[in-house]
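Some notes on the structure that comes next.
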Amino acid sequence: MSPKKPAICIICFSGDLDKSLSALALAWTAAGEGFTAYIFFTFWGLALLRKERGQARHPLERLFKLLLPVGPDKLGLSKMNFGGLGALFMNKLIRLRQTETVGELLQMAMERQVKFIACQGTLEMLGISKDELIDYAHLSVGDVTTFLQLAREAKIQLFI
Amino acid sequence: MSPKKPAICIICFSGDLDKSLSALALAWTAAGEGFTAYIFFTFWGLALLRKERGQARHPLERLFKLLLPVGPDKLGLSKMNFGGLGALFMNKLIRLRQTETVGELLQMAMERQVKFIACQGTLEMLGISKDELIDYAHLSVGDVTTFLQLAREAKIQLFI
Amino acid sequence: MSPKKPAICIICFSGDLDKSLSALALAWTAAGEGFTAYIFFTFWGLALLRKERGQARHPLERLFKLLLPVGPDKLGLSKMNFGGLGALFMNKLIRLRQTETVGELLQMAMERQVKFIACQGTLEMLGISKDELIDYAHLSVGDVTTFLQLAREAKIQLFI
C-alpha cells in the first residue's frame with residue numbers, strides 16, 4: 712500500500728479575480744505535485760462555479776443572484792477595481808503575458824481533478840440549485856462538517 | 712487518559728458580516744464535532760466583542776472607536792455593501808431563510824464554549840479596555856505569542 | 712542533532728497596511744519564539760518589497776506599476792481608508808502609541824532573519840525585476856512549488 716497523499720484544502724470565499732487566481736494556481740500546482748487538492752467554494756466564491764443566472768423566487772434572492780457574477784470571467788479585483796476597469800486591464804495584462812485567466816485556470820484545475828465542493832449553506836441562502844452550477848464529475852455539495860473533515864487531515868489549509 | 716482533542720484556531724481580522732459568518736460557523740461546527748475551537752479577534756474583528764462605545768482620551772482614538780462597529784449587528788459586507796444597504800439586505804435574506812445572524816452565531820459559539828481571545832495589541836492601539844467587551848467566561852486577552860502557542864498545536868489555522 | 716525548528720509560512724497577498732501589520736507581527740514574533748518564519752509576497756503584497764518604481768515597457772505594465780505602492784510606507788487600510796486618510800490617521804495613531812509602523816516591522820523582521828520570498832509569477836506579470844526590490848540577504852524569488860514545499864512542512868500556514 713502506498714503512503715497516503717498529502718492534501719491541501721482551500722476555502723475560496725472572496726470570488727475576486729486576483730484572489731481566485733491565487734487559489735486556483737495553488738490547487739492546480741499542488742495537484743501536479745502529488746497533493747490531493749480540494750477547493751471549498753463559499754459565499755462570493757460560488758460565482759466561479761455558476762453556469763447560469765437561474766430563477767429567483769423572491770426579490771432578495773433575485774438581488775443577490777444578480778450581484779453575484781456568473782462564472783469566472785466576470786470577476787472584479789479585490790482592490791483597484793474601479794468599477795470593473797481594473798479587472799479589464801488585469802485580464803488584458805494576463806493576455807499580454809500569455810499566462811492564464813481565471814477561467815483557464817479553472818479548466819486546468821478540473822483537468823487535474825482538483826476536488827470542488829460547493830457550500831450547501833450558501834447555495835440554500837442564495838437560492839442556487841446544483842443545476843445552475845458547472846458540470847464536473849468532481850464537484851460535490853458539502854457543508855462545514857465536510858470541510859472540517861477534509862481540512863483536519865490536510866497538510867495545508869488556507870482561507871482565500 | 713483520552714487522546715487530546717484536535718483544535719481549530721481562527722484569526723477573525725476583517726470584522727465583515729459575511730466573513731464573520733464563516734468564522735463563527737466554522738468554530739461553532741468544529742466545537743460540536745469534538746474540536747477545541749479558538750477565535751483570536753484582532754483589528755476590525757474586535758467589533759464583534761464590543762458591548763459599548765467607551766471613553767476616548769484622544770481625537771484619533773475617538774475617530775477609530777467611532778468607525779469600529781459596536782457588536783455583531785452593525786457589520787458591513789466585505790463587498791457589495793453599498794454604504795450598509797448590502798448588509799441590510801443580507802440580514803433580511805438571513806431572516807427569510809430562517810438561518811442565523813452573526814449575533815446569533817456568536818451566542819451559539821459561546822454556548823459551545825468556543826474560546827475567544829481579544830488581541831491585546833489592538834485593544835491598546837484603539838484604547839479599548841476589557842470592560843468595554845462582552846462578558847463571557849471564555850474570553851481572555853492575549854498577544855501574538857498566545858496565538859502562536861495555540862496555532863502550532865492546532866490541526867487547522869485560518870486567517871479570516 | 713537538535714530537533715527541527717517549527718516553521719510558519721505566511722502568504723502576504725493584500726498589501727494592506729493593517730493586514731501587513733498582522734503578517735509582519737506574526738512572522739517577527741514567531742522568529743523570536745524559535746520558529747523559522749517565511750513570508751511569501753505575492754500580488755499586492757509585493758508592494759512591501761519594492762524600493763523603486765522601475766521602468767515599464769508597455770502601457771499596461773506602467774499602469775499597474777503606478778498603482779502598486781512602492782515600499783511599506785505608502786499602503787492603504789483594507790477598509791475605512793477614505794482615499795488614504797484612514798491610513799494617514801492609522802499611522803498617526805501608531806506614532807501616538809509609540810508602536811511600530813509597517814516599515815519598522817519589516818526592518819525588525821529582517822533583523823530576525825525572517826525569510827522573504829517574492830512571487831515569481833507576480834514579478835513577471837507586473838514586469839518587476841529583482842533589482843527593483845529591497846536588498847536583503849534572505850530575500851529570494853520563488854514560485855508556487857516553492858511555497859508548497861515550505862508550507863507542507865510548516866506548523867502554521869496563513870493567507871493574509
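Protein chains in written order, with the numbering used here: chain A, 712 to 871; chain B, 712 to 871; chain C, 712 to 871.
Backbone N, C-alpha and C fix where the C-beta goes; we use that ideal spot for every residue, glycine too.
Check, Outcome
"Using 8 Å as the cut-off, can you tell me whether the stretch 783-791 of chain B makes contact with the stretch 860-869 of chain A, which would need three or more C-beta pairs spanning the two stretches below that distance?", "no"
"Using only alpha-carbon positions, find the residue among C/Gln868, C/Ala736, C/Ser731, C/Leu834 that is nearest to isoleucine 805 of chain A.", "C/Leu834"
"Identify which residue in C/Leu728, C/Thr753, C/Thr747 has its Cα closest to the Cα of leucine 732 of chain A.", "C/Thr753"
"In whole angstroms, what separates the C-alpha of phenylalanine 827 of chain C from that of glutamate 843 of chain C?", "15 Å"
"In or out: glycine 795 of chain C buried (at least 16 other Cβ within 10 Å) or exposed?", "exposed"
"Which chain A residues are close to proline 717 of chain B, counting only those with a beta carbon under 7 Å from its beta carbon?", "Arg863"
"Which same chain residues end up closer than 6 Å to methionine 821 of chain A when comparing Cβ atoms and leaving out the 5 residues on each side of it in sequence?", "Tyr847"
"Can you find a CB in chain A that lies within less than 8 Å of the CB of valine 852 of chain C?", "no"
"Kindly list the residues whose CB is nearer than 8 Å to the CB of leucine 837 of chain A, restricted to its own chain and excluding five residues on each side of it in sequence; keep chain order.", "Leu757, Glu772, Phe775, Lys776, Leu779"
"Using a Cβ cut-off of 8 Å (strictly closer), state whether methionine 836 of chain C contacts chain A.", "yes"
"At a Cβ threshold of 8 Å, is threonine 753 of chain A touching chain B?", "yes"
"From what residue to what residue does the beta strand (DSSP E) around isoleucine 805 of chain A run?", "Looking at the DSSP string, isoleucine 805 of chain A is not in any beta strand (DSSP E); the run it does join, the alpha helix (DSSP H), is 796-807."
"Taking Cβ to Cβ, would you say alanine 734 of chain B is nearer than 8 Å to isoleucine 750 of chain B?", "yes"
"Beta-carbon within less than 8 Å of asparagine 792 of chain C's beta-carbon, same chain only, minus the 5 sequence neighbours each way: which residues are those?", "Ala798"
"Figure out for me which residue from A/Lys730, A/Trp755, A/Gln868, A/Cys720 has the closest Cα to the Cα of alanine 748 of chain A.", "A/Cys720"
"Determine whether the beta carbon atoms of valine 855 of chain B and alanine 829 of chain B lie at a separation below 8 Å.", "no"
"Along chain C, in chain order, which residues have C-beta atoms closer than 7 Å to that of arginine 808 of chain A?", "Glu835, Met836"
"Can you find a C-beta in chain C that's less than 8 Å from the C-beta of glutamine 868 of chain B?", "yes"
"Please go through the stretch 745-770 of chain B and give each complete alpha helix (DSSP H) segment of 4 or more residues, from N-terminal end onward.", "none"
"Within the 8 Å Cβ cut-off, does histidine 709 of chain C reach chain A?", "With chain C covering only 712 through 871, there is no way to say anything about residue 709 of chain C."
"Could you pull out every residue in the same chain whose Cβ sits closer than 7 Å to the Cβ of leucine 788 of chain B, ignoring the five residues on either side in sequence?", "Asp727, Leu728, Asp729, Gly797, Ala798, Met801"
"Between which two residues does the alpha helix (DSSP H) carrying glycine 832 of chain B extend?", "831-837"
"Along chain C, which residues have their Cβ under 8 Å away from the Cβ of alanine 736 of chain A?", "Gly832, Val855"
"Should phenylalanine 746 of chain A be flagged as near chain B, meaning a C-beta pair shorter than 8 Å?", "no"
"In angstroms, rounded to a whole number, what distance separates the CA positions of glutamine 809 of chain B and serine 840 of chain A?", "18 Å"
"Helix, strand or coil: how does DSSP classify phenylalanine 870 of chain A here?", "strand"
"According to DSSP, is phenylalanine 793 of chain A part of a helix, a strand, or is it coil?", "helix"
"Taking C-alpha atoms, which residue in A/Cys723, A/Trp755, A/Leu850 lies nearest to valine 825 of chain A?", "A/Leu850"
"Can you pull the chain C residues whose beta carbon is under 7 Å from the beta carbon of leucine 774 of chain B, in chain order?", "Phe800"
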